[in-house]
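Q: If you read the protein sequences in the order shown, they are chains F and B.
Going by my numbering, the first sequence wraps up at 107, each residue one higher than the last.
Going by my numbering, the second sequence wraps up at 310, each residue one higher than the last.
Even glycine gets a Cβ: it sits at the ideal position worked out from N, Cα and C.
Computed from a predicted model, the values in this text were never measured in an experiment.
To start, I am sharing the structure in question, which I have written as structure tokens.
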Amino acid sequence: MNTQFKKGVLELIVLLSVNKKDMYGYELVNEVSKVIDVNEGTIYPLLKRLTNEHYFETYLEESKEGPPRKYYRLTKSGREQKQLLLKEWNTFHEQVNAFIKESDCNE
Amino acid sequence: MNKEQFITYMNKKLAVIKEEERKDIIDEYINHIDMKVQEGISEEEAIAAFGDIDEMIKEILDAYNIDPKQANSFDHKLNDWIDQVFIWFQNILSSFTGMDVDNVVKLVFEILIVLIVLAIVHIPFEIVSSIGGGVFRSLLGSGIGSLMSGLWHLFINLIYLVLFLSVLVHVATKRWAKWKDGTDTPIMDDVKESLRFEQAKEAVHRFTDTGEKKEKRNEEQKEYTKSTATAATTSSMIFSTILKIIGYLIALPFILAIIGLFCALGFLIQMSVQGVTIIGFYLVIIGSIIGCWSIVSLIERVLCKGGRKS
């Protein structure tokens, strides 16, 4: 898939995933990988950016298998951002689809 | 790239980000790799799955609103500049001598070692010179004594100068010859060799001087005639003796200070008996005694350890 497409939608998918439940980095990477095939390395910088922009807050929780895990939780402004992106995506999606249909008819 | 290399690379490339944050990010990646390894995937494969690492680094910097070009610019400029200077230096050197920069750096380092060794060797000369001067002055009075001690200083320093220059020349020519041959031996061997050689020579010089040096001369000549198999041990013995002498010289003032401080303590006690007690002085003196004592015992321990080792 076009990497530019992926990049644009990656933030939305990450926000949606964390909205479902708090997740730690590796879990999130796996979750996102289910939806889109993305380089695993690129998700961590995104998590960092979303945390820096206060859409996420983090906390540590002990794990049985190893060192404590850093969990990501959606903040209030994170939820707002998620709503905004979702709305934008839907509009965008509808417009693009409408345009595709239109150009199909013209063919 | 394995995990260690990855961590080193990330740390280097993300150096602009403050340490705490950097660790936080890199820890995430380390966790990720560890999890992959637990699932039976190798470190290398896990890191390969990250994709282009430089791209990833760009995105991390982007998360901090750092322009990657800006972040690199100083680093890059400095690196380029150092590279240029290095190449320039290399060109000049090779045009003159046809030697590698590595070899030149090595040569400079070796010269430094030789100079340090010679500086250490100077210490016993200094001692002999000052003791001799003192003896002359006390035996012959201030007039002739001063003259004699001056001559003595001159004589000892001349011997040292001869030793210094010949060791330097000897080592340098040896190194040069070895370079031409392309073989390489530890510099210390050369230094030891030339030192032994010079000591024997010097002993012959001294033979004409005084009877008191006879014993030392014999020792040195013995050393000189000893087979090369035992050469290393004798040299290390010389070095450890020199080190011990230095150690004792350092310890001496502290020992004297302790004696002095005890005298002062006695004086204070006497004053207390007479009715004047100054607690501050007590504390200062006792503290100083403890301090000096610990330094002396430290030196002693170092010397004993060194002795046992050799």
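(1) Do K82 of chain F and Y59 of chain F have their beta-carbon atoms positioned less than 9 angstroms apart in this structure?
(2) State the start and end residues of the unbroken alpha helix (DSSP H) segment that holds T3 of chain F.
(3) With a Cβ-Cβ cutoff of 9 angstroms, do L107 of chain B and R175 of chain B count as a contact?
(4) Compute the distance between the beta-carbons of L86 of chain F and L28 of chain F, then report whether it is under 9 angstroms.
(5) Looking only at its own chain, which residues have a Cβ that is under 8 angstroms from the Cβ of P124 of chain B, when we skip the five neighbours before and after it?
(6) Report the option in B:I258, B:V296, B:M148 whose CA atom is closest to the CA atom of V284 of chain B.
(7) Below 8 angstroms on the Cβ atoms is my contact criterion, and I expect G247 of chain B with V302 of chain B to pass it. Report the Cβ-Cβ distance as a whole number of Å.
(8) Buried or exposed for I131 of chain B, going by 16 or more other Cβ atoms inside 10 Å?
(9) With a cut-off of 8 angstroms, do at least 3 Cβ pairs link the region 43-59 of chain B to the region 26-35 of chain B?
(10) Residue range of the beta strand (DSSP E) that E75 of chain F falls in?
(11) Please report the distance separating the alpha-carbon of V114 of chain B from that of L165 of chain B.
(12) In the DSSP output, which residue or residues are listed as bridge partners for Y59 of chain F?
(13) List the endpoints of the continuous alpha helix (DSSP H) containing H54 of chain F.
(14) Would you mind sorting P67 of chain F into buried or exposed? The rule is 16 or more other CB atoms within 10 Å of its CB.
(15) Figure out for me which residue from B:F50, B:I57, B:F89, B:Y64 has the closest Cα to the Cα of E53 of chain F.
(16) Please go through the same chain and pick out, in chain order, the residues whose beta-carbon is closer than 8 angstroms to the beta-carbon of E31 of chain F, but skip the five residues on each side of it.
(17) Tell me the DSSP bridge mates of Y24 of chain F?
(18) At what residues does the alpha helix (DSSP H) containing A323 of chain B begin and finish?
(19) Measuring CB to CB, does L261 of chain B end up less than 9 angstroms from I279 of chain B?
(20) Report buried or exposed for E20 of chain B, applying the criterion of at least 16 other Cβ atoms within 10 angstroms of its Cβ.
(21) For F254 of chain B, which of B:F86, B:I116, B:E300 has the nearest alpha-carbon?
(22) Roughly how many angstroms separate the alpha carbons of K6 of chain F and S77 of chain F, rounded to a whole number?
(23) Taking Y29 of chain B as the reference, which of B:F50, B:V16, B:K18, B:A15 has the closest Cα?
A: Based on what the coordinates show:
(1) Translated into positions along the first sequence, residue 59 of chain F becomes position 59. Translated into positions along the first sequence, residue 82 of chain F becomes position 82. Contact: no.
(2) Here residue 3 of chain F refers to the residue found at position 3 of the first sequence. For T3 of chain F, the enclosing alpha helix (DSSP H) has its first and last residue at 3-20.
(3) Mapped onto the second sequence, residue 107 of chain B falls at position 107. Mapped onto the second sequence, residue 175 of chain B falls at position 175. Going by beta carbons, L107 of chain B and R175 of chain B fall inside the 9 angstroms limit.
(4) Numbered from 1 along the first sequence, position 86 holds the residue referred to as residue 86 of chain F. Numbered from 1 along the first sequence, position 28 holds the residue referred to as residue 28 of chain F. In this structure, L28 of chain F does not lie closer than 9 angstroms to L86 of chain F by Cβ.
(5) As a working note, residue 124 of chain B is residue 124 in the second sequence. Excluding sequence neighbours, P124 of chain B sits near I242, I245.
(6) Within the second sequence, the letter at position 284 stands for residue 284 of chain B. Per the Cα distances, B:I258.
(7) Numbered from 1 along the second sequence, position 247 holds the residue referred to as residue 247 of chain B. Numbered from 1 along the second sequence, position 302 holds the residue referred to as residue 302 of chain B. Right, the Cβ-Cβ distance comes to about 7 angstroms (below 8 angstroms), so this counts as a contact.
(8) Within the second sequence, residue 131 of chain B is the residue found at index 131, counting from 1. I131 of chain B should be labelled exposed.
(9) Three or more Cβ pairs closer than 8 angstroms define a contact, and the region 43-59 of chain B meets that threshold against the region 26-35 of chain B.
(10) Residue numbering aside, residue 75 of chain F sits at position 75 when the first sequence is read from its first letter. The residue asked about is misnamed: residue 75 of chain F is Thr in this sequence, not Glu. Segment: none, T75 of chain F is in no beta strand (DSSP E) and carries neither H nor E.
(11) One-based indexing of the second sequence puts residue 114 of chain B at position 114. One-based indexing of the second sequence puts residue 165 of chain B at position 165. Each residue's alpha carbon lies about 11 angstroms from the other.
(12) What you label residue 59 of chain F is simply residue 59 of the first sequence in a count that begins at 1. Beta-bridge pairing links Y59 of chain F to F:Y71.
(13) By 1-based counting over the first sequence, the position of residue 54 of chain F is 54. Here H54 of chain F belongs to no alpha helix (DSSP H), and DSSP marks it neither H nor E.
(14) Here residue 67 of chain F refers to the residue found at position 67 when the first sequence is read from its first residue. Residue environment for P67 of chain F: exposed (fewer than 16 other C-beta atoms within 10 angstroms of its C-beta).
(15) In the first sequence, the residue the question calls residue 53 of chain F occupies position 53. Among B:F50, B:I57, B:F89, B:Y64, the Cα nearest to that of E53 of chain F belongs to B:Y64.
(16) Residue numbering aside, residue 31 of chain F sits at position 31 when the first sequence is read from its first letter. Cβ neighbours of E31 of chain F within its own chain (closer than 8 angstroms, five residues either side excluded): S17, M23.
(17) Numbered from its first residue, the first sequence carries residue 24 of chain F at position 24. Its beta-bridge partners are F:Y71.
(18) Within the shown structure, residues of chain B are numbered from 1 to 310, placing residue 323 of chain B beyond reach of any answer.
(19) Within the second sequence, numbered from 1, the residue matching residue 261 of chain B stands at position 261. Within the second sequence, numbered from 1, the residue matching residue 279 of chain B stands at position 279. At least 9 angstroms separates the beta-carbon of L261 of chain B from that of I279 of chain B.
(20) Taking the second sequence and counting its residues from 1, the one referred to as residue 20 of chain B is at position 20. Using a 10 angstroms sphere on the CB of E20 of chain B, the tally of other CB atoms stays under 16, which defines it as exposed.
(21) What you label residue 254 of chain B is simply residue 254 of the second sequence in a count that begins at 1. Here the closest residue by C-alpha is B:E300.
(22) Locating residue 6 of chain F in the first sequence gives position 6, counting from the first residue. Locating residue 77 of chain F in the first sequence gives position 77, counting from the first residue. In a straight line, the C-alpha of K6 of chain F is about 23 angstroms away from that of S77 of chain F.
(23) The sequence position of residue 29 of chain B within the second sequence is 29, counting from 1. Of the candidates B:F50, B:V16, B:K18, B:A15, the one whose C-alpha sits nearest the C-alpha of Y29 of chain B is B:F50.
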